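What follows is a short report on a single structure.
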Amino acid sequence: MLDNGKSRRFAASALAVSGALLAISAPAAGAALAGHWAGDRLAIDATPTAIHLTLDCAAGSIDAPLLPDRAGHFTARGNFNSFQPGPQRADEPVIDTAAHFTGAIKGNRMALSMARDGKPSEKFALVRGAKVKPARCL
6 MLDNGKSRRF AASALAVSGA LLAISAPAAG AALAGHWAGD RLAIDATPTA IHLTLDCAAG
66 SIDAPLLPDR AGHFTARGNF NSFQPGPQRA DEPVIDTAAH FTGAIKGNRM ALSMARDGKP
126 SEKFALVRGA KVKPARCL
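Using this note's numbering, read the sequence shown as starting at 6 and increasing by one per residue.
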């Protein structure tokens, strides 16, 4: 049995460790997502004010900060546009399609789902700080 002083130190240490583990597993509620995330076929550059997505033959954006909740879950609306093979004409208009993004962050990993009107939802697994080179349309 621990004496009263050792018991309090043990409890304080256990509380500190559990708090550190909680901080690793989920982002702080209300804190905007920031940094570079990447995975198969997708790269995200997040700033406190916007999100830019680069995919194979496509790009997207969320023109607002991405704010995960305490459990690391998020949802956002943004835009998506596909590119055609070959050179893109400078005078050709870019046609944005509405997209709905949902996901969850746990530590340095993100599960992201992107849904567009009339298209099946696409799922991506991303890692903070990873590098990826999306394929260009050929």
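Where is the CB? At the ideal position from N, CA and C, for every residue including glycine.
Predicted model, so just to flag it, every value in this text is computed and none were measured.
Counted within 10 angstroms of its Cβ, other Cβ atoms place residue i as buried (16 or more) or exposed
i: Arg141; result: exposed
i: Gly91; result: exposed
i: Phe129; result: buried
i: Lys103; result: In the sequence on display, residue 103 carries Ala and not Lys. By the neighbour-count rule (16 or more Cβ atoms within 10 Å), Ala103 is not buried but exposed.
i: Ala48; result: buried
i: Pro4; result: Since the first and last residues shown for the chain are 6 and 143, residue 4 lies out of range.
When the options are compared against residue i, the one with the closest alpha-carbon
i: Ala69; options: Phe85, Gly77, Thr52; result: Thr52
i: Ala76; options: Ala120, Gly112, Lys138; result: Gly112
Counterpart residues of residue i in DSSP-defined beta bridges
i: Asn84; result: Ser66, Ala103
i: Glu127; result: Met119
Start and end residues, beta strand (DSSP E) containing residue i
i: Ala140; result: From DSSP, Ala140 is part of no beta strand (DSSP E); its letter is neither H nor E.
i: Ala43; result: 40–44
i: Ser118; result: 114–121
i: Thr59; result: 56–60
Through-space distance from residue j to residue i, alpha-carbon basis
i: Arg82; j: Arg114; result: 21 Å
i: Arg133; j: Ala43; result: 7 Å
i: Gly108; j: His57; result: 16 Å
i: Ser66; j: Asp50; result: 10 Å
i: Gly40; j: His78; result: 17 Å
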